[in-house]
Structure formats: structure tokens, C-alpha cells
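Accompanying notes for the structure given below.
Protein chains: 4
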Amino acid sequence: MEPYHHKVQYYETDKMGITHHSNYIRWMEEARVDFLARLGWDYAKLEELGIVSPVMSVACKYRSPTTFDDDVYISISVKELRPVRMTIGYNMRDREGKLVCDAVSEHCFLDTSGRIIKLSRDYPDFYAALSEYVEDKENEKNDT
Amino acid sequence: MEPYHHKVQYYETDKMGITHHSNYIRWMEEARVDFLARLGWDYAKLEELGIVSPVMSVACKYRSPTTFDDDVYISISVKELRPVRMTIGYNMRDREGKLVCDAVSEHCFLDTSGRIIKLSRDYPDFYAALSEYVEDKENEKNDT
Amino acid sequence: MEPYHHKVQYYETDKMGITHHSNYIRWMEEARVDFLARLGWDYAKLEELGIVSPVMSVACKYRSPTTFDDDVYISISVKELRPVRMTIGYNMRDREGKLVCDAVSEHCFLDTSGRIIKLSRDYPDFYAALSEYVEDKENEKNDT
Amino acid sequence: MEPYHHKVQYYETDKMGITHHSNYIRWMEEARVDFLARLGWDYAKLEELGIVSPVMSVACKYRSPTTFDDDVYISISVKELRPVRMTIGYNMRDREGKLVCDAVSEHCFLDTSGRIIKLSRDYPDFYAALSEYVEDKENEKNDT
């Protein structure tokens, strides 16, 4: 899958002259939304099915600063897929291919009443589509 | 009424070394929410009554830049109060009293089904509370 | 010139379920930066020449709400061009061509020591390039 | 030390009706800046000495959602202090004392030419002030 592209905006910089670190968390969301859409599971479809997917945690390592007008290319992988939660990995590179940031985020799936959805059972198609992108099949275990 | 206080955050600055201009629009919201709460009409109460108050327009004049760690004091006035909409005025000053920004925002009031609420008729108490802060009584007209 | 395209991000929405109004001010900057770049006067070039262009004012009328995943198309025009300042106009439409927001912003040009630059005299090429996009030639006056 | 207080703003919520997760990263910065100021090492002083302190990484676990108008109290500790870097811990609780988020961030210290500063040697006072807040003295090692 083609990496997601984000151009750094002026309003994303801070007085150090570089991109403020909080924005990378937002770009992770941009890339994740785009990834799910290209998988055929866009937010509109999830919403229609009554699925929400809150962020349980994020972790982000800043490798090299970026700044206004820089192009950032974000590659996504499924680091871990379990019946009730998943970990998404993000690899952000600049135009020259230099790593600028790598990150992970953990997600679960809830129905409209806030109950945890067992994705592998309730949405096997979605689960199968995600499995295609699991980096290391060792991580695709049956435990929760 | 005491002006609302906002301390400029590092993440609100940009690479020019000053506060990014979009943040003043957010501070207007902070000050407006605080103003309504001190008037006895906080958002929780409005929500309970099924009132939402979308922003119809904003206009903002940047007089003098601010930056990280600056104290900004925002004074609010009701510039114009009509049965179905109001204009709020904002006067932002620094610690020394220098004007850094002045602005206005226009609002209407909608019920949960999106219908315009005639505040003067449906919530006369709220309307009366707002009238107290009308700067120039000339602006408090009956037309809509 | 092709309108600038912005896709509304999830983090740009608020609990009313629509795009928070402060984001339109940021999209104005995105579209303006893109406009100047396509004119051949990108920020990198301006910076190299020691030109900064602070925002003096913004005014924004919200016509119709947008929300997550919406496409917004922003057309730019030069509303007014004077030797020492300019007013940019923004016309934001959705996929169906419906007006969602129209706005203006005023800018001046400063050199690195903070002195006002007379664009028509000091950067006649830049001034000429901007003139091409003046909507109504009546506004292109010689006064400052 | 008193926890740092942040009131959740309307513009910090998203269409799920809760605080957007990226804002917690910004509150970490607010609390950290406040912590350093109360320690006697505010940003103005650091800047004057030519010290910048970039964020090397963040990790954030979202425990319980917050929303508009909620009060969040952030307690800070120094998780780890090394001669050239430190890890700050954040504990965010609501009005009732319930944990809403816990997080860490890693920082180094650079001089104006981008060289790493050995804090323990170059700014022993600052290093000593930070040591006071190290949670577990076991982590205060001499290795880098």
C-alpha cells in the first residue's frame, strides 16, 4: 500500500522553528483513517454499523525534526491483531526516505452502547482484511 | 466582570516566534463559555435545555503580537442583542494593558431539531441576563 | 487557478459533530500558502528574501457546516492590492458546489527588521503577479 | 507540588463527544512548562542560557475519557534522570480522583548550536533541582 502523504502546515510549527510534536499524533489518525478506507472499511461504514474505535494508547519516537512545507510519508502496518484489539504501527519518512518518526497506537472496538466488540467473531470480513496487513504473523494470536 | 485570563502555551506559537493567529479564535470561545457560565447559563444548562449556539461569523483584528508564556486578558461585551441572534465583542489586552486583539463573533440559538430559537420569547431570563451586558443600548433593537 | 483541496480530519471536528469553526482560519492559511507557491512566490523564497507577511485581520462567515471526511474546495482571489498591504478573499465550497464559508484576510509585508515593505516598489514582480488575481481592478489603487 | 490544572475546552472535543486524544500530549507540555517554572527553571531562563529541550518521545495511556468543561489535574514526577536526558511522568486525574490518563515523555538538552548538554556537569543546580523530584532514586544512575 502507498504511504499516506501529509504536507506540514505553517500552523503546525512552533517557535523552535520545527513541527510541534503533538501534530504527529494527529497525522497518525489521518493515516489510520486513510488506511481503513483503502481497506474498504471507512469511518462512514463503521459508523453505519455502529462501531467506534477509541484510541487506548499511543507511543511516538521523534527521530528527526520536520518543519513547514516538508513532505511526510506515513506507512502503516498492523503490529498486532487480537480478537478484541489491535496495534497499528506508523513509519514516517521524509522525501529522502529518512525516518522522522515511528509510532504505535492501540485500539479496541465498541458498539453504540459501549460494549467491546469481538471483531474476529462479529465482523470476520473486517478482521480478515486487517490480518492481511499484520507484519509478523507470530503476533496474530487467539488470546485477547 | 473580571476579564478572562489565558496564558499563551508553547504549542500555540508558530515558527515566526509568535502566537499563531488561529488561536485567538479559540480564546474567544474560551472567554465566551466562561462569560455564559458566570451569567448563570453554562453550556451544561444550555445542553440540558436542548439549546445549541453555533458561530455564524467571526472577525478578528490583530493589533500586537503575543508569544509563549504571555498573559492575555479578555473582556467581553454584548455588542448587539436581537431576539434571534447576538454579537459578542472581545477585547484582549496584555499584562501592561496594551490591546493585542479585538474581535467580534455572531451567534444564533437552535433547538435540538435545528430550528431557530427566539430567545426573547422562549428564554426571557437568558435574554434579560444578556441584556445586562449590552454595551450600547441603542443596539438592542426588536428587529431580527 | 484550481481551487485548493482540504479533506476535513477527525481531529478537526467538535462535540457538536461538525468541523470546529477555528479550523477554517487554518485552511485559509493552507490555501494562501498554496496560492503564493503556485504564483512562484513560495514561503521558502519569501523567507530567503527576508520577507514575512503577518496576518493583520481575518473575517469569516460560516454558511453551512462541514464535518469529518468532507471535501472542501477553496478558491482564492486578491480582493484588494495596495503598495503596502493586500486583502485575500476565500470562497469555500463542498463537493456539490455549495458555499460552506467565505472569508477575507489582510496582510502586510515586513523585512527582517520589522519595517514595512512597499511591495510595488521593492518587489515589482511579486506585486505584478498578485495584480493578475485582483478580482475587481477598481480596488487596485495607489493609496496605501 | 500541587497538580497542574487544565479545564477541557470545547475546541478540544471531537465528534465522538469526548476530548480528542492528541490534546493530552499538549497538556503534558503545559504541565511540564509549569513544573519547570515552579522549580525556578522557566523557559525564559532556559532560553536566556541558550538551552532548548526537544521532546524525544511520548507515550500515553488513555484510561477514561474526559470531555468539555471537565477539570483535569496533572501530577508530574521525574521518572528517570540521567546526565544527558530525563523522563518525565504524568498522572492525570479528574475532580473525583479517577485516573484518566498516564503518560511519559523523554527529553534531552541542547545548546544553541544543537550540541547535547551534559546537565549534571554544565548546570548542576538545574540537575539538583530535578533530582528532588525523582520518584525512585534507583533510576538516578550515572550512565548516559
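Going down the list, the protein sequences come from chains A, B, C and D.
1 is the number of the first residue of the first sequence in our numbering; add one for each residue after it.
1 is the number of the first residue of the second sequence in our numbering; add one for each residue after it.
1 is the number of the first residue of the third sequence in our numbering; add one for each residue after it.
1 is the number of the first residue of the fourth sequence in our numbering; add one for each residue after it.
Yeah, the Cβ is synthetic: ideal placement off N, Cα and C, and Gly gets one too.
Assignment of beta-bridge partners to L99/D by DSSP yields R93/D. DSSP places D71/C in the strand class (E or B) of the three-state scheme. Secondary-structure assignment with DSSP links T19/D through a beta bridge to T13/D.
Going by beta carbons, R85/B and C108/B fall inside the 7 Å limit. Under a 10 Å Cβ-count criterion, R93/D is classified as buried, with 16 or more other Cβ atoms of the shown protein chains found around its own Cβ.
Its Cα nearest to that of K98/D, the residue D71/D stands out among R38/D, D71/D and L81/D.
Cβ neighbours of Y62/D within its own chain (closer than 8 Å, five residues either side excluded): H21, Y24, V100 and C101.
Counting C-beta atoms within 10 angstroms of its own C-beta, S105/B has 16 or more neighbours from the protein chains shown and is therefore classed as buried.
Counting the other CB atoms within 10 Å of its CB gives H5/C a total below 16, which places it among the exposed residues.
Taking a Cβ-Cβ threshold of 7 Å, none of the residues of chain B is close to Y24/A; the smallest such distance is about 12 Å. Just measuring C-alpha positions, the residue of W27/B, E48/B, D122/B and S57/B sitting nearest Q9/B is W27/B. Interface criterion not met: the Cβ of Y43/C is under 7 Å from no Cβ in chain D. The beta carbon of E30/D sits closer than 7 Å to some beta carbon of chain B. Under the Cβ criterion of 7 Å, S57/B is counted among the residues facing chain C. For S113/B, there is no enclosing beta strand (DSSP E), as DSSP marks it with neither H nor E. Two segments are said to touch when three or more pairs of C-beta atoms, one from each, lie closer than 8 Å; by this definition the stretch 117 to 126 of chain D touches the stretch 69 to 83 of chain D. Straight across, the Cα-Cα distance linking D34/B with Y90/D is about 27 Å. With respect to chain B, the C-beta atom of K7/C has no partner C-beta closer than 7 Å. Secondary structure of L46/D (DSSP, three-state): helix. Taking C-beta separations shorter than 6 Å and ignoring five residues to either side along the sequence, the partners of L130/A in its chain run V78 and L81, following chain order. Residues of chain C with a Cβ closer than 7 Å to the Cβ of C60/B are, in chain order, S57 and V58.
For H107/C, no chain B residue has a C-beta closer than 7 Å to its own C-beta; the minimum C-beta separation is roughly 11 Å. Taken through DSSP and simplified to helix, strand or coil, M28/D comes out as helix.
For S57/A, there is no enclosing alpha helix (DSSP H); the residue is found in the beta strand (DSSP E) stretching over V55 to Y62. Spanning the alpha carbons of I76/C and D14/B requires a straight line of approximately 23 Å. DSSP places Y4/D in the strand class (E or B) of the three-state scheme. For chain D, the residues of the stretch 68 to 81 of chain B that bring a beta carbon within less than 9 Å of one of its beta carbons are F68 and D69, in chain order.
Of the other Cβ atoms in all chains shown, fewer than 16 fall within 10 Å of the Cβ of A44/C; this residue is therefore exposed. The shortest C-alpha to C-alpha distance from S57/A to any of T87/A, R38/A and L39/A is the one to T87/A. By the rule that beta-carbons nearer than 7 Å mark a contact, D14/D touches chain C.
Distance check between E30/B and each of Y11/D, E96/D and D42/D places Y11/D closest, using alpha-carbon atoms only. From the beta-carbon of Y11/C, the residues of chain A found nearer than 9 Å are I25, R26, E29 and E30. Residues of the same chain with a CB within less than 6 Å of the CB of G50/B, apart from the 5 flanking positions on each side, are D111 and T112 in chain order.
From the beta-carbon of V84/D, no residue of chain A is found nearer than 9 Å; the closest lies around 16 Å away. Our two residues, S64/D and E96/D, have alpha carbons roughly 12 Å apart in a direct line. Contact check for M16/D and V52/A: beta-carbon distance about 6 Å, within the 8 Å limit, so the pair qualifies.
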